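Student: Each protein sequence line maps, in turn, to chains A and B. Quick note: to get my numbering, add 17 to the position in the first sequence (first position is 1). Quick note: to get my numbering, add 10 to the position in the second sequence (first position is 1). Don't be surprised by glycine CBs; every beta carbon is placed ideally from N, CA and C. Since we're looking at a predicted model, the values are computed, not measured.
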Amino acid sequence: MTNFLQLCFAGVAIGALYALVALGFVVIYKATGVINFAQGGLVLLGCYLTYNIHQTWGVPFYLSILLAMVACALFGAAIERFVLRWMVGQPTFAVLMLTIGLLSIIDPAVTAVWGFDRLNLGDPWGIEVLKSGEVVFAVKDIWTIVLAAVVLLAFFLFFRYSSMGVAMRATAFDQEAAIAQGISARRVFALSWAIAGAVATLAGVMLAAGAGGVRPDIQYIALIAFPAIILGGLDSPAGAVVGGIIIGLTQTLTAGYQPEYAPWLGNGFNGVMPYLVMIVILMVRPYGLFGTPEVRRV
Amino acid sequence: MRLRNLNMTRDYADDLKLFRTRQSKASIVAVLALALLLPVLLPDDFWLSVLVYAGIFAIGAIGLNLLSGYTGQVSLGHAFFMACGAYTTMMLGTRHELPLPVWLLASAVVGGLVGGIVGPFALRLRGNYLAVISLGLVFLGQHVFENWESLTGGPGGNGSTAPLSLGFLDFNALAVGGRAYTRNQSFFWLVWALVFLSLLIAKNIVRSRPGRAMQAIRDRDVAAQVIGVSLGRYKVGAFVVSSALAAMAGALFATYQQFIAPDSFNLFLSIQFVFMIIVGGIGTVFGSVIGALFAGLLPALVSKYGGSIPFIEQQPGAGGLTVFQVNQIAFGVLIILFLILEPRGLAAVWLRIKAYFRAWPFSY
């Protein structure tokens, strides 16, 4: 039982990480209809920037997260302004391939600057733990869960109450009608990429904090957020969080029980379990648990 | 004067011709002759092996272009289908020593079957979701192949030496008319013969009814359905053909390299295929070959002449970018530049040059 609780907590914590990455995907998809394969690259860039500002330049940790968020937001907005702006009116598969091209650039560029070594982020949480009975809670994991909840709440308030959030929803719903109402679609697009960059930095920091370390394969961890958003539905922030947590739980429970009960599935099966869940979900519910089914009219 | 040499379409039969002008017939003959003579004229092992890899990738790229370029379904799963072909060859060719036609065909059939199983997902999902699903396929495939140690040798990889003789022709060391040729020369002929075969198959698909159906699906699937195109049939069909070609490329890849490890079939390989069809030309059959040649020659040039480019590291660990990083960045940058500046790729550039000289010296 203790083992089970422990695995569940770990699952929720990892799930919160996936949720943070997934929220970045969702905000771009919601506003611009682009599935952004480069999100993992933004996550990678965000955590390396934080590392650089904190460890190399000696800025206090929380301030350096903030600075990295701003820098990554600007980078996201710049991608939108200088690369994606040219693709307006092109078919979506072309835009998708373009983000694949971006991913292929960001990853080697980051490793060229910072190398392949595992670096210490220098976060204040380290490997501290809290104990409740037999179950151990890593402080970093608690922070991750709180942060995911805060970001989700912020998204909810932003999209519901702020005029810019409403403008973004309107643009996503019908671009032309939104422009006719005086909403600047360009600003909406740039802002959504900026938000995605800022959220990606948070995700990157939490992925690299604690025992993990700053390392290039963080972007592959970020790719597991894909099953999470597919599960939750591409256009739903709440779905991203629920999807992330379900994926995190399946992953840790698989890691905990599969070697004992189903060893024939091979070593490291928990690494590919999310993709399996995603394929099964897509067979049953193509638009995810909370996604909007696409209406097709002639 | 009969304007026979101009590319003029007078009826449907003209539109469906394989070779629409005399020049295109002549140029095909010229290219075939060049392909036949090239290994003799250029017996350099480095460049021959670059061209052999380019040919292998061209077969896969033709497949991906049928799926993405003509049917509009973006797939990142091409590396997985290549792996299917490579491991079918390892099973039948290396282990059971079945002859060349058997393992080559079996690889294509297995690839097509796996494509046919995955295909219905493509039917259920529209374009963009497929890219995500196929991304999952790459990771699932790598897991399966890394754990199927008896066949694949686990993460460390396994030797792959399938038999290469076809009747009196042995493609390991071809000997024709008393002259002996090297392995690279022999392989060049084998691979490029298969490239031409794949080109012929693809060209015949796209110029006939299925091709028109696929393009209708790409351009507007709802409209295609309304005019009576069966989405299921053609999407799954495109998937099957594309995976079969990828698997055939994988079979040749494994056999030429004589060794494969599961992690050669990674996400970057799939991205390379996307690169080939974008740079070569989305929705043109011969563009896939141009793209594959480009994708093969670019890393070769970087690795051969990288020493004279300042920011590339000369020895490992000496700082600067590694050759692999340079390739990855170059591929990414070119994908973006081509999508923005020339979405129809090098094929369109070529057609423009041809159109310019057709009416030369008049500009129109």
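Tell me the residue span of the beta strand (DSSP E) that contains V152(A).
Tutor: For V152(A), the enclosing beta strand (DSSP E) covers residues 152–155.
Student: Please name the residue, chosen from S170(B), W202(B), A116(B), that lies closest to V41(B) on a Cα-to-Cα basis.
Tutor: W202(B)
Student: Which value, in whole angstroms, describes the spacing of the CA atoms of W131(A) and V251(B)?
Tutor: 43 Å
Student: Alpha carbon to alpha carbon, what distance is there between L26(B) and R219(B)?
Tutor: 10 Å
Student: Would you please verify whether the beta carbon of N284(A) is less than 8 Å from any beta carbon of chain B?
Tutor: yes
Student: If we ignore side chains and look at the alpha-carbon of each, how far apart do L293(A) and L209(B) end up?
Tutor: L293(A) and L209(B): Cα-Cα distance of roughly 35 Å.
Student: For the beta strand (DSSP E) holding K35(B), just list the boundary residues, first then last.
Tutor: It is not in any beta strand (DSSP E) - K35(B) instead sits in the alpha helix (DSSP H) that spans 32–51.
Student: Can you tell me whether S218(B) is helix, strand or coil according to DSSP?
Tutor: coil
Student: Taking the alpha-carbon of Q268(B) as reference, which of T31(B), P353(B), F197(B) has the nearest alpha-carbon?
Tutor: It is F197(B) whose Cα lies nearest to the Cα of Q268(B).
Student: Is G287(A) helix, strand or coil by DSSP?
Tutor: Sequence check: residue 287(A) is Asn here, not Gly. Three-state result, N287(A): helix.
Student: Could you check if H106(B) is buried or exposed, using at least 16 other CB atoms within 10 Å of its CB as the buried criterion?
Tutor: exposed
Student: List the residues of chain B whose Cβ lies closer than 7 Å to the Cβ of T128(A), in chain order.
Tutor: Q335
Student: Do you know whose CA, among I96(A), I45(A), I162(A), lies nearest A30(A)'s CA?
Tutor: I162(A)
Student: What does the alpha-carbon distance come out to for the pair V205(B) and V148(B)?
Tutor: 25 Å
Student: Given a limit of 9 Å on CB to CB distance, which residues of the stretch 106–125 of chain A reach chain B?
Tutor: Q107, P108, T109, F110, A111, V112, L113, M114, L115, I117, G118, L119, L120, S121, I122, I123, D124, P125
Student: How about the stretch 265–282 of chain B and the stretch 143–159 of chain B: do they share at least three Cβ pairs that are nearer than 8 Å?
Tutor: yes
Student: Have a look at G297(B), T332(B), T294(B) and flag the residue whose alpha-carbon is nearest the alpha-carbon of P309(B).
Tutor: Of the listed residues, the one whose Cα sits closest to P309(B) is T332(B).
Student: Where does A185(B) land, buried or exposed, given buried means 16+ other C-beta within 10 angstroms?
Tutor: exposed
Student: Give me the residue from A211(A), S81(A), A226(A) with the minimum Cα distance to A94(A).
Tutor: A211(A)
Student: Identify every residue that forms a DSSP beta bridge with S175(B).
Tutor: D180(B)
Student: By the 7 Å beta-carbon criterion, what residues does the stretch 271–294 of chain B contribute toward chain A?
Tutor: Shown in chain order are the members of the stretch 271–294 of chain B whose Cβ falls below 7 Å from a Cβ of chain A: I281, V284, I288.
Student: Tell me whether G316(A) sits in a helix, a strand or coil according to DSSP, three-state version.
Tutor: This structure cannot settle anything about residue 316(A), because the visible part of chain A is limited to 18 through 315.
Student: Against chain A, with Cβ distances strictly below 8 Å, would H106(B) count as a contact?
Tutor: no
Student: What residue does the beta strand (DSSP E) around L12(A) start on, and which one ends it?
Tutor: In the structure as shown, chain A begins at 18 and stops at 315. Residue 12(A) is therefore absent and cannot be evaluated.
Student: I227(B) touches chain A at which residues, Cβ-Cβ below 9 Å?
Tutor: Residues of chain A passing the Cβ test: none, with the nearest at roughly 12 Å.
Student: Find the residues of chain A that neighbour N5(B), judging by a C-beta separation of less than 7 Å, and give them in chain order.
Tutor: This structure does not reach residue 5(B), given that chain B is present from 11 up to 374, and the question cannot be answered.
Student: With a threshold of 8 Å on Cβ separation, who are the neighbours of G122(B) within its own chain once the five nearest residues in sequence on each side are excluded?
Tutor: V250, V251, S253, A254, A257, listed in sequence order.
Student: Label E97(A) either buried or exposed according to how many other C-beta atoms from any shown protein chain fall within 10 Å of its C-beta, with 16 as the threshold for buried.
Tutor: buried
Student: Given a limit of 7 Å on CB to CB distance, which residues of the stretch 83–106 of chain B reach chain C?
Tutor: Given the protein chain composition of this structure (A and B), no chain C is represented.
Student: Would the beta-carbon of I247(A) fall within 8 Å of that of V142(B)?
Tutor: Yes.
Student: When the Cα of P353(B) is compared with those of W103(A), L24(A), I196(A), which residue comes out closest?
Tutor: Across the set W103(A), L24(A), I196(A), the C-alpha of W103(A) shows the shortest separation from the C-alpha of P353(B).
Student: Could you check if M224(B) is buried or exposed, using at least 16 other CB atoms within 10 Å of its CB as the buried criterion?
Tutor: buried
Student: Select from L83(A), C25(A), I123(A), C64(A) the residue whose C-alpha is nearest the C-alpha of Q338(B).
Tutor: Closest by alpha carbon: I123(A).
Student: To the nearest angstrom, report how far apart F372(B) and R362(B) are at their CA atoms.
Tutor: 14 Å
Student: Tell me, please, whether the CB atom of R12(B) is closer than 8 Å to any CB atom in chain A?
Tutor: At R12(B), the pLDDT of 49 sits below 50, so the modelled position is not reliable; the number obtained from the coordinates is stated separately. By this cut-off, R12(B) is not an interface position.
Student: On the CB-based measure, 16 or more other CB atoms within 10 Å of its CB, does W370(B) come out buried or exposed?
Tutor: Under a 10 Å Cβ-count criterion, W370(B) is classified as exposed, with fewer than 16 other Cβ atoms of the shown protein chains found around its own Cβ.
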